[in-house]
Amino acid sequence: MALGRANWLFAGSLRAGKRAAVIMSLIQSAKLNGHDPYRYLADVLERLPTQPASRLKELLPHR
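For the sequence shown, position 59 matches number 450 in this note's numbering, and the numbering has no gaps at all.
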């Protein structure tokens with residue numbers, strides 16, 4: 392974490408920093424729920440284009 396703090400100061404822009412925070416939160420949530428983060432994200436990115444907007448919550452790690 393200490394190394395990351397210095398690197399995260401230079402995310403490029405506020406929007407880039409927010410995006411990075413969302414991705415890191417998804418990865419950590421996947422770990423906490425017992426998923427392999429790489430496999431979880433690969434599955435979500437594969438299913439996302441065909442997932443109806445009303446069912447996006449099904450893709451969250453705790454589901």
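Backbone N, C-alpha and C define an ideal beta-carbon position, used for all residues, glycine too.
Checklist entry - Terminal residues of the continuous alpha helix (DSSP H) containing L405? => result 405-423
Checklist entry - Is the Cβ-Cβ distance between A421 and P452 less than 9 Å? => result yes
Item to check | Inter-residue Cα distance where the pair is L450 and R430 | outcome: 13 Å
Checklist entry - Roughly how many whole angstroms lie between the Cα atoms of R406 and S416? => result 15 Å
Checklist entry - Just reading off the alpha helix (DSSP H) that A444 is part of, what are its end residues? => result A444 -> no alpha helix (DSSP H), and no H or E assigned at all.
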